[in-house]
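In our numbering, the protein residues as written are -18 to 57.
Beta carbons: idealized from backbone N, C-alpha and C, even for Gly.
Here is the structure we will look at.
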């Protein structure tokens, strides 16, 4: 056989790819929870909450957009 080592039935590269996607998604969801909790505790109101999500959420929107751009351009 002599191929890549197998982890949970996946090659190392496949395992790393799945781990990155799942764990980064979990981190983004957790950050959304933190932003929402921050808005609630600071009594930001409707527009303050929207701006908190826009300003603080813009970083991971760029991260997600990067993967779509890579797929669109065929880089990945």
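By the three-class DSSP mapping on this structure, what secondary structure does residue i have?
| i | result |
| --- | --- |
| residue 3 | helix |
| residue -12 | strand |
| residue 48 | helix |
| residue 55 | coil |
| residue 25 | coil |
Cα-Cα, which of the options is closest to residue i?
| i | options | result |
| --- | --- | --- |
| residue 17 | -6, 7 and 33 | 33 |
| residue 35 | 0, 12 and -2 | 12 |
Verify whether the separation of the beta carbon atoms of residue i and residue j is less than 8 Å.
| i | j | result |
| --- | --- | --- |
| residue 9 | residue 49 | no |
| residue 30 | residue 20 | yes |
| residue -12 | residue -4 | yes |
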